[in-house]
Amino acid sequence: MEWLQYLLLLVCPLMMIFMMKGHSHGGGHKHHNSSKELDSKISVLENENKRLQKEINTLSSMIKKN
């Protein structure tokens, strides 16, 4: 009966390995972006950040005037 205890101890990590493997390959999710795609997304975010910073500065100066 001692082997049953060891078997139960080994089952948990093995099940976890199979479950994690199933999560990473299932569902059809694609997380492989090319370098150009990432650069493009970063550029869009940087431009949006600049625009928002200008808007914040404009609103801050309007508040200070009032």
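If you count by my numbering, then the sequence shown holds residues 94 to 159, one letter each, in order.
Backbone N, C-alpha and C fix where the C-beta goes; we use that ideal spot for every residue, glycine too.
Which of helix, strand or coil DSSP assigns to residue i
| i | result |
| --- | --- |
| SER136 | helix |
| SER44 | This structure cannot settle anything about residue 44, because the visible part of the chain is limited to 94 through 159. |
| SER127 | coil |
| ASN142 | helix |
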